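All residue numbers for the sequence shown refer to my numbering, where the first residue is -16 and numbers rise by one.
Even glycine gets a Cβ: it sits at the ideal position worked out from N, Cα and C.
Quick caveat: nothing in here was measured; it's all calculated off a predicted structure.
Inspection log for the structure reproduced underneath, given as structure tokens.
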Amino acid sequence: MATEKVIKGTIEKISGPLVVAKGMYGASMYDVVRVGNIGLVGEIIELKGDTASIQAYEETSGLMPGEPVVSTGEPLSKELGPGIIEQFYDGVQRPLNLIEDVAKSHFISRGIEVPSIDREKKWEFIPRVKVGDTVQPGDVLGIVQETVLVEHRIMVPYGVRGTVSEIKQGQFTVEETVAVVKAKTGDEVNVSMF
């Protein structure tokens, strides 16, 4: 089992949406961080030694020096896949209807974390390749029709080349494997819908 490197610092000062944290040695520029005890979403915008300047994407009132700052080790990114068209999102791709359900309020609660794409809904996956086909990054493995106008193309991920060893048709969640690609190295790569 791989262990994740956790970079945890503490808030040194706060000025509006800018949070300065110490003890962030090992963090990288543009890492997404969770700020304070309530876990506000932020992004490292400057690094000097072990000091990180962080742009907080939520209201910072109530944060105090000494509270934790934890780096995710990943840049700000978005999830793409079936279900994205049916949602309304805030600026960091949190679905507003789910926030309302979780928060039991019409207002966005600070620090709330919900998945961007529904992990439980099943989508009809229709293959466009067959077992034995040779594929490379960007090749379309199959499609999912989200709406009358929007067709999601499920593609071979970046860096994956090989032969399709398994392809499924039917109803699947976005996390379930819909295809398996066997690389020339012998490794098998499971492909889901996002």
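Closest in C-alpha terms to V114, from the list A162, F108 and V3, comes A162. By the Cβ test, the segment 66 to 81 is not in contact with the segment 2 to 12, since fewer than three Cβ pairs between them sit closer than 8 Å. The C-alpha of V53 lies about 13 Å from the C-alpha of D33. Around G49, the same chain offers T(-7) and I(-6) as residues with beta carbons nearer than 8 Å, after the five sequence neighbours per side are excluded. Boundaries of the alpha helix (DSSP H) harbouring D84: L79 to A86, taken from the DSSP string. Within the same chain, Cβ atoms closer than 7 Å to the Cβ of E159 are found at S175, the five residues on either side in sequence being excluded. Taken atom to atom, the span from the alpha-carbon of G45 to that of E107 is near 46 Å. M138 is the residue among M138, V133 and P110 whose C-alpha sits nearest the C-alpha of Q119. A Cβ-Cβ distance of about 5 Å is found for the pair I(-10) and A10, placing them in contact under the 8 Å criterion. In this structure, the alpha-carbon of G125 lies about 17 Å from that of K165. Put simply, the backbone Cα of V143 is about 8 Å away from that of V172. Shown here, D33 sits in coil according to DSSP, grouped into three states, outside any helix or strand. As DSSP reads the structure, T117 sits in a beta bridge with T146.
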